[in-house]
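Inspection log for the structure reproduced underneath, given as structure tokens.
Protein chains: 2
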Amino acid sequence: MAGGSGTRFWPLSRRARPKQFLAIGTPRTLIEETLGRLSPLIPAERALIVAGEGHVPAIRELLPDQWLVTEPCARNTAPCVGLAAVHLLKRDPDAVMAVLPADHHIADAPGFRRLIAAAEERARAGEIVTLGIRPDRPETGYGYIHYNREDTLATTRGVEVCAVRRFVEKPPRAVAERYLAEGGYLWNSGMFFFTARRLLADIRRFLPAMAAGLERIAAAIGTPDEAAVTAEEFNKMESVSIDYGVMEHADRVRVIPADIGWNDVGHWAALADFGTADTDGNVRSGGRPEDLVLIDAHDNIVQAGDARMIALLGVDNVVVVDTPDVLLVCGRDRVQDVRKVVSRLEELKRGELL
Amino acid sequence: MAGGSGTRFWPLSRRARPKQFLAIGTPRTLIEETLGRLSPLIPAERALIVAGEGHVPAIRELLPDQWLVTEPCARNTAPCVGLAAVHLLKRDPDAVMAVLPADHHIADAPGFRRLIAAAEERARAGEIVTLGIRPDRPETGYGYIHYNREDTLATTRGVEVCAVRRFVEKPPRAVAERYLAEGGYLWNSGMFFFTARRLLADIRRFLPAMAAGLERIAAAIGTPDEAAVTAEEFNKMESVSIDYGVMEHADRVRVIPADIGWNDVGHWAALADFGTADTDGNVRSGGRPEDLVLIDAHDNIVQAGDARMIALLGVDNVVVVDTPDVLLVCGRDRVQDVRKVVSRLEELKRGELL
């Protein structure tokens, strides 16, 4: 899933190039990292990218030959995953899907592939499997998965697979703190595993109108009407997440607790979580090491451009993002509010910078 | 005097373009502002610029027809003023000199001209006159002039002219606080008034070797040997300030207490002293107003470039200087240390940025 259009990495991310198409604290772009860490378990020729029309140029620049299906409009994740499922079914009636966001960071790729291999086995057996990240802080920005280790159903390839009790929405702070203390909760990573057949059966059960649309699209794939039918049906679909529309109601939903160095790269401060800091806590992404001079500077995050010296003198906890047409200087504790700058520029009709 | 090569406005100022050739919180460059505020009292055709060879291109770009004498090398202010004096004497044996740094800011130009007119009268009568700025803080970065209002010698054109008791070097903090409390001290502004003849007589008295060199230069002016003789003699001269070499020893030295909104534009934080702040205390210089977006940002100083949006979000007391090849982000209380960045870049052999 490469459809995200987040503004939280503005000004490096723009409408036509959201963060999955950027290298943020990584050598390659996040979408290339996502594909790369699946290899050799899932070869690139079996990876299907689903993205919006507006992102096709960015994808084609990076991955000219990648299998790609475009969403005619943004309709949240349930229609996106359903569209992928009908395309996969055409190729392989027994297809097992790994649904993965294109813009996350995972430090332990071998560990991640071990979990995927276990999840694939369970999915092939008809279950829905999700990866649940063990929380290390009372994060209020994620949904949680309530599970019980005593419910562990099986250990597949040395990996625990547990029953899900329920999915819970983003909690208030006090609730998140209780979740962390109690220990029976995992972060919902948005990564799911199931057969395409099982997913479409559940969409038929819980979202019947959407299922009808997907069936019309399935029938049109490979015909001259494919684009027109996809556009017509996709437009009519309910905008709903796969979590809310399917997972919360489905049977036999499992969770694999995961300790894989996962980071959803949610905002500029996330660079400090997986980037390499100097001894003063400063993290650089982009640019050349020799083009950053730091004097009495601590715990700063710098997204450098390609062709400028950046000097920080006597500043702490600041985020600096240097792009050719915009410079952002932001308090590290205010990175969640970068969208406020984007909103201000929209009001000021400065769309060329968004 | 346009010979300054200060690094404190780096990265806007560079070796070939120190701050007198920049617009820093001003519509025109500081040297143009300096010449402009003398008009109509001193017309531009009677203004002589003394600067280093390296600054000639910057001066000719701004002021193609201005009377200009170049210093073959940097030798502090006494040789500089002496060189100007011998050139002025050639034009007018009764020349009265106003010695003015090219890179200061003076908010009250009419008030300044009133003081100059009074100083000129006293200088023509054979006195040495300096402007002393009434201090409003215990500044340790300036020399002071000890005077006594009871010594007021005359009121010329409504302006008080006082006897100087002594010049004092940059004081430690406790001493500066005492000066401020006692009230008998003024900041030495580096602005002096005297006849060229009187100045050269005092150089003969206190710096006889320098006087001999200046006499050789005077004899060569207008001859084919002028440049060679100037270079040879200037090189041999002692590097000494006019304050230390002449003023502290001279007779009949006067000071005019000045309240003219003077600022020596000594570092980036000075912009806040004479720039126009928004209601949150932010000051912008350079760039276009519409290319600066401030959200929850207070007491920042921004030197903007010509062609980029700058957005500040949730940051206070930061100085941002945006130039095409260098970006500086500096704590407002650390502007005195900008030279440390310059030194670091020298060590790193990044002379192209200096």
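As you go down the protein sequences, you meet chains X and B in turn.
Using our numbering, read the first sequence as starting at 133 and increasing by one per residue.
Using our numbering, read the second sequence as starting at 133 and increasing by one per residue.
Note that the Cβ used here is the ideal one computed from N, Cα and C, for glycine as well.
Ranked by Cα distance from residue 326 of chain X, the options X:255, X:134, X:448, X:415 are led by X:255. Chain-order list of chain X residues neighbouring residue 446 of chain B: 462, 463, 465, 466, 469, by C-beta distance under 8 Å. Counting C-beta pairs with one atom in each stretch, the segment 337–352 of chain B and the segment 233–245 of chain B have fewer than three that are closer than 8 Å, which means they do not touch.
Across the structure, residue 213 of chain X and residue 249 of chain X are spaced so that their CA atoms are roughly 20 Å apart. Not one beta carbon of chain X lies nearer than 8 Å to the beta carbon of residue 397 of chain B. Beta-bridge partners assigned by DSSP to residue 205 of chain X: none are found. In the DSSP assignment, residue 386 of chain B falls outside any alpha helix (DSSP H) and within the unbroken beta strand (DSSP E) covering 385–390.
When Cβ-Cβ separations below 8 Å define contact, residue 247 of chain B makes no contact with chain X. In the DSSP assignment, residue 188 of chain X falls within the unbroken alpha helix (DSSP H) covering 188–194. Its chain contains 276, 317 as the residues whose beta carbon lies nearer than 6 Å to that of residue 311 of chain B, once the 5 sequence neighbours on both sides are disregarded; these appear in chain order. Contacts with chain X at 8 Å (Cβ-Cβ) do not include residue 410 of chain B. Annotated three-state conformation of residue 198 of chain X is coil, per DSSP.
Those residues of the segment 424–440 of chain X placed with their C-beta closer than 8 Å to a C-beta in chain B are 425, 427, 428, 439, 440, ordered along the chain.
Taking 8 Å as the threshold, the shortest C-beta distance from residue 415 of chain X to chain B does not fall below it. Contact between the segment 207–225 of chain X and the segment 136–154 of chain X is not established, with fewer than three Cβ pairs separated by less than 8 Å. Neighbourhood of residue 476 of chain X in chain B, by CB distance below 7 Å: 425, 427, in chain order.
In the three-state DSSP reduction, residue 448 of chain B falls in the strand class (E or B). Where residue 166 of chain B is concerned, the enclosing alpha helix (DSSP H) starts and stops at 162–168.
For residue 369 of chain X, same chain residues with a beta-carbon under 7 Å away, outside a window of 5 residues either side, are 207, 211, 342, 345 in chain order. Judged by DSSP secondary structure, residue 311 of chain X falls within the alpha helix (DSSP H) whose first and last residues are 305–314. At a beta-carbon threshold of 9 Å, the residues of chain B lying near residue 472 of chain X are 427, 428, 445, ordered along the chain. With a beta-carbon spacing of about 7 Å, residue 258 of chain B and residue 384 of chain B fall inside the 8 Å limit used to define contacts.
Pairwise C-beta distances place the segment 356–373 of chain B out of contact with the segment 395–409 of chain B, as fewer than three of them are shorter than 8 Å. Pairing residue 264 of chain X with residue 279 of chain X gives a Cβ-Cβ distance under 8 Å. Within chain B, the residues whose beta carbon sits less than 8 Å from that of residue 458 of chain X are 440, 441, 442, 443, listed in sequence order.
The Cβ atoms of residue 217 of chain X and residue 339 of chain X do not sit closer than 8 Å to each other. Within a 10 Å sphere around the beta-carbon of residue 205 of chain X sit fewer than 16 other beta-carbons, which makes this residue exposed. Taking a 10 Å sphere around the C-beta of residue 337 of chain X, we find fewer than 16 other C-beta atoms and assign the residue as exposed. Among the residues of chain X, those whose CB is under 7 Å from the CB of residue 454 of chain B are 459, following chain order. When 9 Å is used as the limit between beta carbons, residue 450 of chain X is near these residues of chain B: 447, 450, 461, in chain order.
In the structure shown, the three-state DSSP call for residue 331 of chain B is helix. In the displayed model, residue 475 of chain X falls within a helix according to three-state DSSP.
Look at residue 485 of chain B: its C-beta is under 8 Å from a C-beta on chain X.
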